[in-house]
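Worksheet: the structure to be examined is printed underneath.
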Amino acid sequence: MRKLTKDAIARILEERFQEGFVKLSAIPKPNTFKDMEKAAKRIRQAIEKREKIAVVGDYDVDGVVSTALMEEFFSYIEYPITTIIPNRFRHGYGLSAKVIDELGDVDLIITVDNGISAYDAAAICKERDIDLIITDHHTTGEKLPEAFAIVNPKQASCTFPYEEICGAQVAWFLIGQLKQELGLDLDMRRFLDILSIAIVADVMPLRHINRALLQAGLQAFARSKRPAIQFLRSVLKKHEFSSEDLGFSVAPVINSAGRMEDARLALEFLRSADFFTASVYYARLLACNSQRKAEERRVFKASLEFVDESKNVIVSVGEDWNEGVLGIVAARLTTKFQKPSIVLTKKENFYKGSGRSLGEVDLFALLQKNAHFLEKFGGHKKAAGLSLHEENLQEFQRGIEDATAKLPKDAFVDESNIMGELPFSEIDWELIDILERFAPYGESNPMPRFATMDVEVVEAREVGENGDHLLMTLRKDGRIFKAIKFKHDTKLTKSSIDIVYYPVKNIFNNSQYIQLFVTKLL
428 MRKLTKDAIA RILEERFQEG FVKLSAIPKP NTFKDMEKAA KRIRQAIEKR EKIAVVGDYD
488 VDGVVSTALM EEFFSYIEYP ITTIIPNRFR HGYGLSAKVI DELGDVDLII TVDNGISAYD
548 AAAICKERDI DLIITDHHTT GEKLPEAFAI VNPKQASCTF PYEEICGAQV AWFLIGQLKQ
608 ELGLDLDMRR FLDILSIAIV ADVMPLRHIN RALLQAGLQA FARSKRPAIQ FLRSVLKKHE
668 FSSEDLGFSV APVINSAGRM EDARLALEFL RSADFFTASV YYARLLACNS QRKAEERRVF
728 KASLEFVDES KNVIVSVGED WNEGVLGIVA ARLTTKFQKP SIVLTKKENF YKGSGRSLGE
788 VDLFALLQKN AHFLEKFGGH KKAAGLSLHE ENLQEFQRGI EDATAKLPKD AFVDESNIMG
848 ELPFSEIDWE LIDILERFAP YGESNPMPRF ATMDVEVVEA REVGENGDHL LMTLRKDGRI
908 FKAIKFKHDT KLTKSSIDIV YYPVKNIFNN SQYIQLFVTK LL
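Residue numbers (the numbering used here): 428 to 949.
Quick look at the structure:
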């Protein structure tokens with residue numbers, strides 16, 4: 428393992444951004460999306476004719492934020508719309524016959540963060556003379572739904588230069604085009620506080636425009652007057668925010684509504700008109716999140732019994748597992764076994780579930796190669812949802828094993844591996860400044876992780892709701908740091924440990940100190 432210094436770390440990080448940093452002022456125009464102008468003109472026509480418009484979102488963070496953006500925009504122009512976020516348990520995913528029936532008499536449906544695989548629903552819209560505008564970012568299939576307009580950076584002949592953006596960003600660009608179409612005086616930065624949450628939650632690569640928008644979004648988050656964000660700041664007790672804050676402390680709470688109950692709770696929280704209303708909805712979200720954690724622990728423990736470590740892809744299959752936590756459990760299995768993972772639960776004669784991947788293993792491509800075994804599937808490279816008939820399960824498992832057998836071994840290597848070995852003597856405020864210069868960190872710009880061997884454990888205690896986090900005081904070469912490891916499920920008995928970690932600036936009671944976030948004990 429290479430030995431690191433602060434200068435070496437700075438050089439390694441600079442190499443990631445040889446193309447330079449994109450400024451917010453340099454992001455592409457909305458009309459570079461295929462069908463964007465067509466979509467905006469149709470929406471303007473609907474407004475002028477006082478037609479009934481409905482927006483259909485999705486139950487994850489990206490879908491909730493996308494819906495909140497559209498609600499806020501139409502509220503700004505004082506035009507009434509109907510919004511619906513399909514319930515995971517009652518409606519299933521995305522635009523469907525059930526959702527269309529529930530919407531009733533509408534003239535125009537706009538999907539956000541879904542729709543690119545809604546072939547049957549699109550056909551129903553056509554039969555009922557409902558114009559359909561699909562805005563999505565998920566990978567397209569071999570054919571597209573029949574819609575009035577499709578705005579998706581991944582579709583063929585789209586000239587927008589960045590494919591890897593989230594659904595909320597597509598919705599944000601649509602609002603930008605509508606601003607131009609309607610001749611509005613609208614500051615697009617007003618949306619960045621919540622847009623930043625979607626970029627992080629949907630694990631977008633933090634390069635180019637994603638980095639620029641997230642940087643601006645984190646600054647907007649710190650000063651936002653939106654009641655929901657003001658309330659989150661009061662909970663987090665911070666004045667500066669990182670992508671890690673959004674990814675670990677904000678996104679899971681917002682996501683829990685759609686996982687356990689109804690994503691409408693999360694939407695109402697983000698759209699709260701005042702601080703008190705935000706506090707009421709947040710309390711309900713916290714209850715959902717506690718329920719989610721308990722269910723996640725139960726399903727994760729059960730899923731381990733079905734793991735076959737000899738396989739390239741972990742497929743864990745059970746019954747009566749809550750659909751809302753299958754994606755999280757798949758992510759935990761992927762982290763634990765360093766392999767793509769799919770977690771399925773049986774419902775009548777079908778299996779339904781979620782998958783997560785790592786490294787360069789394209790999960791969507793794997794599913795696409797085995798689409799003949801599946802009823803439905805959708806998603807992208809690192810995350811996907813799927814359903815299949817029970818009689819196809821074994822063939823499907825064989826199919827994905829065959830597909831992954833042809834991949835090189837380094838395709839399974841997580842890019843967030845250890846950068847090198849770092850002595851505690853190099854951990855100081857200069858190092859923190861270097862790390863902050865290349866933030867925000869996340870997908871395609873992983874937080875540098877360092878290893879230090881033979882670290883003395885001065886003190887260690889279990890903390891958290893279920894005692895599953897480990898708070899430590901660590902010493903090496905005369906330097907002492909506070910450290911924390913989340914989701915630590917084994918008792919620490921050693922007085923000396925080898926750790927993988929990253930250092931962060933922590934502020935408590937108006938004083939700041941360096942804390943180590945331990946990700947692994949070697």
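Don't be surprised by glycine CBs; every beta carbon is placed ideally from N, CA and C.
I'd like to know whether the C-beta atoms of residue i and residue j end up nearer to each other than 7 Å.
i, j, result
"P867", "L641", "yes"
"I845", "A878", "yes"
"L794", "A811", "yes"
"R724", "M687", "no"
"G782", "R515", "no"
"D925", "M874", "no"
"A628", "V491", "no"
"V740", "G786", "no"
"G950", "V788", "Beyond the ends of the chain as shown, which are 428 and 949, falls residue 950; an answer cannot be given."
"D462", "A545", "no"
"A467", "Q646", "no"
"P588", "E870", "no"
"P513", "F600", "no"
"V449", "I636", "yes"
"I527", "I560", "no"
"L849", "A887", "no"
"G644", "S623", "yes"
"A548", "S523", "yes"
"V945", "K909", "no"
"D534", "E478", "yes"
"V539", "G484", "yes"
"E573", "P580", "no"
"L496", "F618", "yes"
"D895", "S852", "no"
Closest to residue i by CA distance: which of the options is it?
i, options, result
"S951", "K909, R902 and Q939", "No answer is possible for residue 951: the residues shown for the chain start at 428 and end at 949."
"A423", "P654, N716 and K479", "Outside the modelled stretch of the chain, which goes from 428 to 949, sits residue 423, for which no answer is possible."
"L753", "F764, S737, I508 and T772", "T772"
"D689", "V885, N937, I511 and T900", "I511"
"S493", "V533, P767, L694 and E569", "L694"
"R650", "I470, N893, M899 and E667", "E667"
"N776", "A757, S814 and V449", "S814"
"V707", "T562, F696, I859 and I557", "F696"
"D860", "D895, L919, V931 and R469", "V931"
"Y520", "V890, F823, R555 and K803", "K803"
"I454", "A684, A639 and A832", "A639"
"H941", "Y928, I543 and I827", "It should be pointed out that residue 941 corresponds to Ile in this sequence rather than to His. Nearest option by C-alpha distance: Y928."
"L898", "D904, G905 and V885", "V885"
"A678", "D563, A838, Y709 and F702", "Y709"
"H565", "F460, G805 and Y506", "G805"
Taking the DSSP output, what are the residues bridged to residue i?
i, result
"P930", "L943"
"L801", "In DSSP, L801 forms no bridge with anything."
"V882", "I924"
"I854", "According to DSSP, which records beta bridges pairwise, I854 is partnered with nothing at all."
"K970", "Outside the shown range of the chain, which is 428 to 949, sits residue 970, and nothing can be said about it."
"G869", "N872"
"K430", "E848"
"I480", "L535"
"R888", "L898"
"G806", "A811"
"I577", "I561"
"F877", "G847 and Y928"
"L948", "I926"
"S938", "F935"
How far does the beta strand (DSSP E) with residue i in it reach, from first residue to last?
i, result
"K774", "S768 to K774"
"A437", "No beta strand (DSSP E) contains A437, which is instead part of the alpha helix (DSSP H) from K433 to R443."
"A690", "Element bounds for A690: n/a, residue is neither H nor E."
"V742", "I741 to E746"
"L898", "H896 to K903"
"R783", "F777 to R783"
"A910", "R906 to K912"
If we define contact as Cβ-Cβ less than 7 Å, is residue i a contact residue for chain D?
i, result
"A628", "Any reference to chain D falls outside this structure, which holds one protein chain only."
If I follow the unbroken alpha helix (DSSP H) through residue i, where does it start and stop?
i, result
"S661", "P654 to L663"
"A684", "A678 to M687"
"S706", "F702 to S730"
"F764", "L753 to F764"
"R469", "M463 to E475"
"L794", "L790 to K796"
Which runs of the alpha helix (DSSP H) spanning at least 4 residues fall entirely within the stretch 808-845, listed in chain order?
Runs found: 820-832.
Entirely enclosed beta strand (DSSP E) segments - the stretch 490-564, minimum 3 residues
Given a length threshold of 3 residues, each whole run of the beta strand (DSSP E) inside the stretch 490-564 is given here in chain order: 509-511, 535-539 and 558-562.
4-residue-minimum alpha helix (DSSP H) runs that sit fully inside the stretch 579-638, ordered along the chain:
If only complete runs of 4 or more residues are kept, the stretch 579-638 shows the alpha helix (DSSP H) at 594-609 and 619-628, in order along the chain.
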